[in-house]
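Colleague:
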Amino acid sequence: MCSESSHNGSPINWVLPPGMNSRVLGGSFKVNWLNRNELPFAKVQNLYNPWNDNKPIKIARDGTEFEPNIGKQLCCSFPSDPTTDVVALIK
1 MCSESSHNGS PINWVLPPGM NSRVLGGSFK VNWLNRNELP FAKVQNLYNP WNDNKPIKIA
61 RDGTEFEPNI GKQLCCSFPS DPTTDVVALI K
C-alpha cells in the first residue's frame, strides 16, 4: 500500500458477484507493485501455512495472514523483476 484507504476517490466500476453490493466494500487505496511476474502454484506446493490450519498456501483468501517465515519463502519464490530495485525500497 502506498496510500491510506479513502472513500473520497473517483467512483470505481467494480465487477462483483451476483447479489453483492459495492457498499459492503471498504475504501480504495493505491498500490506500488514490487513484482509483476507470475508464480505457478507448482513452484510453492511445498509451502503450508500454520496460521491457516496448515493448509497449502494456495488455499487462502484475500486478507489471509501468513506465518512470517512462510511469507518470506513465498516472496523469495517469485522471479526477480528487473524493473524494480528492491534494495532501494527496503532502505
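Using full-length UniProt numbering, you'd call the opening residue of the sequence shown number 1 and step up by one each time.
Built from N, CA and C at the ideal position, the CB exists for glycine as well.
1) Short check: CB of E4 to CB of F29, under 8 Å?
2) For K43, which option in S77, A60, N37 has the closest C-alpha, if you only look at C-alpha atoms?
3) Mark I57 as exposed unless 16 or more other C-beta atoms lie within 10 angstroms of its C-beta, in which case mark it buried.
4) Within its chain, find whatever has a CB closer than 7 Å to the CB of N37; leave out the 5 residues flanking it on each side and keep chain order.
5) Should N32 go down as buried or exposed, given a rule of 16 or more other Cβ atoms within 10 Å for buried?
6) What residue range is occupied by the uninterrupted alpha helix (DSSP H) comprising I59?
7) From the DSSP output, which residues share a beta bridge with N49?
Modeller: Let me lay it out:
1) Taking the first residue of the sequence shown as position 1, residue 4 is located at position 4. Taking the first residue of the sequence shown as position 1, residue 29 is located at position 29. Taking 8 Å as the Cβ cut-off, E4 and F29 qualify as a contacting pair.
2) Position 43 of the sequence shown, counted from the start, is the residue given in the question as residue 43. Measuring from the Cα of K43, the nearest candidate turns out to be S77.
3) Working through the sequence shown from its first residue, we reach residue 57 at position 57. I57 is buried by the Cβ-count criterion.
4) Stepping through the sequence shown from its first residue, residue 37 is reached at position 37. Excluding positions up to five away in sequence, the list reads F78, P79, D81.
5) Taking the first residue of the sequence shown as position 1, residue 32 is located at position 32. Classification of N32: exposed, given that the 10 Å Cβ count is below 16.
6) Stepping through the sequence shown from its first residue, residue 59 is reached at position 59. Neither: I59 is in no alpha helix (DSSP H) and is coded neither H nor E.
7) Working through the sequence shown from its first residue, we reach residue 49 at position 49. DSSP, once it has assigned bridges, lists K55 as partnering N49.
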